[in-house]
Every structure is written in C-alpha cells, then in structure tokens.
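In what follows, a single structure is set out as structure tokens and then discussed.
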Amino acid sequence: MNLTMDEAIKVLEMQEEILQFSHFTNDDAWELGNIIVAAGKKLDVSIAISIRLNNGYTVFQHGFDGTNLLNEKWIDRKFKTVMMAEKSSLYTYMLLNQNEESFEDWGLNPREYAACGGGFPIRIEEVGVIGAVIISGLDHVSDHDLLIKCISKYLHVDEVPRIKAM
0 MNLTMDEAIK VLEMQEEILQ FSHFTNDDAW ELGNIIVAAG KKLDVSIAIS
50 IRLNNGYTVF QHGFDGTNLL NEKWIDRKFK TVMMAEKSSL YTYMLLNQNE
100 ESFEDWGLNP REYAACGGGF PIRIEEVGVI GAVIISGLDH VSDHDLLIKC
150 ISKYLHVDEV PRIKAM
C-alpha cells in the first residue's frame with residue numbers, strides 16, 4: 000500500500016511519539032546496537048550502524064563486511080539532519096518534498112545534511128532528543144524501516160505503524 004505524503008508524515012510523527020525512551024545509557028546503546036546487528040545478519044545485508052549522542056560522541060558503531068567510508072559519510076550527514084530537526088531524517092525528507100523545498104532554502108549545505116531515511120532520534124520522555132540511531136547501506140526507506148523494527152523490539156513495543164514503500 001502506497002501512502003500519500005500527508006499520510007506518510009502522520010505515520011512518521013506517530014513513530015516518534017511512540018518510540019521514546021525512559022532513559023538511555025551507553026549500555027542501552029550496546030543492547031540496541033546489537034539488536035540492529037542481529038537483524039542485519041538475519042536479513043544478510045551490508046549495513047553500517049552508528050548510535051551517537053547529540054554532542055557527536057559515538058557510543059556504538061558497527062560496519063558489516065561490504066561497508067566503507069562512504070557509509071560513514073552518509074551516517075554523518077543523517078546524524079546532522081536528525082540533530083538539526085530533532086526528527087527522523089525520513090521525516091525531514093518528506094517535509095522538504097511536501098513543501099517543495101531544499102536544504103539550501105533552509106540555509107543549510109546539502110553536502111553536510113542528508114534528505115533521506117536512516118536516522119532516528121533518541122528521544123527521552125519529558126526530556127527531549129539526546130542523540131540518534133543511524134543506519135546506512137539499504138535504500139533509504141528500508142534503512143528507516145529497519146530502525147523502526149529494531150527500536151520497537153528494544154522498547155518492547157508491538158504496534159508501531161510502519162512505512163514500507165512509497
């Protein structure tokens with residue numbers, strides 16, 4: 000089922016409302032990161048994973064065979080996008096497309112930010128965004144969807160609306 004842009008944005012907003020953390024430590028990053036690694040192995044995909052705090056400190060990172068520095072460059076750009084908007088990078092992509100805007104229209108350098116899926120905010124309930132979980136290696140909607148599946152599993156949340164294809 001293909002979603003309209005408005006429907007997709009609503010789904011993304013619901014995902015971010017549902018997938019909030021009560022706390023997030025380096026041990027939590029390790030556990031979540033390993034859930035993503037296990038999912039990547041099960042799918043037999045070549046992805047790079049990074050979990051970073053909002054000051055840029057990397058608390059978890061793993062690259063599957065077949066990933067390289069280009070994946071890390073995409074991770075850097077997706078991270079900056081999540082930190083700038085405090086929304087998923089796919090949400091920013093949708094918003095830019097819906098408004099027929101670009102990063103330049105926002106005064107941002109598109110070489111430093113990525114308008115594509117694969118970055119998701121780590122939002123602490125009643126605190127705000129303290130970091131991001133980022134994947135690079137699949138098509139950008141699949142990067143986002145894998146994050147949603149893994150964060151849902153980590154948080155023990157069963158019913159999260161998903162975007163699989165647009």
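Going by numbering that gives the first Met the number 0, the residue at position 49 of the sequence shown is 48; the numbering climbs one at a time, nothing skipped. We put the beta carbon where it would ideally sit given N, CA and C, even for glycine.
As an exercise, report each continuous beta strand (DSSP E) stretch of at least 3 residues that is fully enclosed by the segment 17-75, in chain order. Those beta strand (DSSP E) runs which fall completely within the segment 17-75 and span 3+ residues are 47-52, 57-62.
For Ala164 and Asn67, I'd like the C-alpha separation in whole angstroms. Reliability fails at Ala164, whose pLDDT of 46 lies under 50, so the model's placement of it is uncertain and the value that follows must be treated cautiously. Approximately 26 Å, taken between the alpha carbons.
To the nearest angstrom, how far is the alpha carbon of Phe78 from that of Glu15? 16 Å
Residues near Gln97 in its chain [Cβ-Cβ closer than 6 Å; skip 5 each side]: Only residues of its own chain outside the window of five on either side were considered, and among them Met4 have a CB closer than 6 Å to the CB of Gln97, listed in chain order.
Please classify Lys9 as buried or exposed, where buried requires at least 16 other C-beta atoms within 10 Å of its C-beta. exposed
What are the partner residues of Gly118, as DSSP defines its beta bridges? Per DSSP, Ile133.
For Gly65 and Asp142, I'd like the C-alpha separation in whole angstroms. 16 Å
Out of curiosity, what's the CA-to-CA distance linking Phe59 and Phe102? 28 Å
Measure the beta-carbon distance from Leu154 to Leu145 and round it to whole angstroms, keeping in mind my assumption that it falls under 8 Å. Going by Cβ atoms, the distance from Leu154 to Leu145 rounds to 15 Å, so no, they are not a contact pair.
By how many angstroms is the C-alpha of Ser151 removed from the C-alpha of Arg110? 31 Å
Measuring CA to CA, which of Lys86, Ile50, Val128, Ile162 is closest to Glu30? Ile50
Identify whether Val10 lies in helix, strand or coil by the three-state DSSP scheme. helix
If you count every other CB in all the chains shown that lies within 10 Å of the CB of Met13, and 16 or more means buried, which is it? exposed
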